[in-house]
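The structure appears below as structure tokens.
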Amino acid sequence: MKRRDFVFTSVAFTPILMSNTATLPDGYKSIDPFVVKSGKARHDKATPYRGINPNNLKVSTSDSGAQISCWVYEGMEKIGPPLHIHFDQDEFFFVISGEYYFVVGEEKHTLQAGDSIFLPRNVAHTWLQLSDTGKLIYWVNPAGKMEAFFEKMGNLQAPPTEELVQAIHLEHGMKIMGPPISK
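For the sequence shown, the numbering used here assigns the number 10 to the initial residue and increments by one for each residue that follows.
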């Protein structure tokens, strides 16, 4: 990583890491430092989006005392999630490569490598990958049930109905507000 990119990335993530003042759960014990290699997921649990887009967990709920979870998404398709809200979680996205179009509330933003966006809880949002390939780092704060959500969606044996997708979202603290966007 180039020094300039390292400095920028470090500065970009500092507010998120410092803003979390929630108390840790009773019984939480600090864990040992760990490394998750490129292309790998924490605890070796792969949760690809739509079965083909790597969506690798890097910091788990249990690692952080339920404070954050961090993922690296590698998009192989020009797709994105449906318009949705998180009832109890904020999200932060940092574009590593590619180009993405984000809608958050009434705002619309096109982001490229090095750009970031904060998506507050209870504000409808979605994104669309515009480039053929792309890569995002994203944080969810607090961690909530995101790991369980991706595991459940990834374990479905057949394409789910809209009703099932909405039920799974609600079960994990989210609600679908509209379809995915296209551009």
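Backbone N, C-alpha and C define an ideal beta-carbon position, used for all residues, glycine too.
Excluding the 5 residues preceding and the 5 following residue i in the sequence, name in chain order all residues of the same chain whose CB lies nearer than 6 angstroms to its CB.
i: G187; result: L92
i: N65; result: A50, V81
i: G48; result: none
What span of residues does the alpha helix (DSSP H) with residue i cover, start to end?
i: V174; result: 171-180
Just mark residue i as buried or exposed, buried being the case when its beta carbon has 16 or more other beta carbons within 10 Å.
i: K154; result: buried
i: S191; result: exposed
i: E172; result: exposed
i: Q166; result: exposed
i: E83; result: buried
i: V44; result: exposed
i: Y37; result: exposed
i: H178; result: buried
i: I61; result: exposed
i: I40; result: exposed
i: Q121; result: exposed
Using the three-state DSSP reduction, which class does residue i fall into: helix, strand or coil?
i: E156; result: helix
i: K161; result: helix
i: K184; result: strand
i: K38; result: coil
i: V68; result: strand
i: I94; result: strand
Suppose the cutoff is 8 angstroms on Cβ atoms and the five residues either side in sequence are ignored; what does the same chain contact list for residue i look like?
i: D97; result: R130, P151, G153, G182
i: V132; result: I94, V113, G114
i: H134; result: L92, H93, I94, E100, F111, V112, V113, G114, L128
i: K117; result: Y110, F111
What residue does the beta strand (DSSP E) around residue i start on, and which one ends it?
i: G84; result: 78-84
i: H52; result: Unbroken run through H52: none, as it is neither H nor E.
i: S106; result: 99-106
Who are the near neighbours of residue i in its chain, counting only those whose CB is closer than 7 angstroms to its CB and skipping five residues on each side?
i: K67; result: V45, R51, C79, W80, V81
Query raised in the report: At which residue ranges does the region 110-149 contain complete beta strand (DSSP E) runs of 3 or more residues, listed in the order of the chain?
Result: 116-121, 125-128, 134-138
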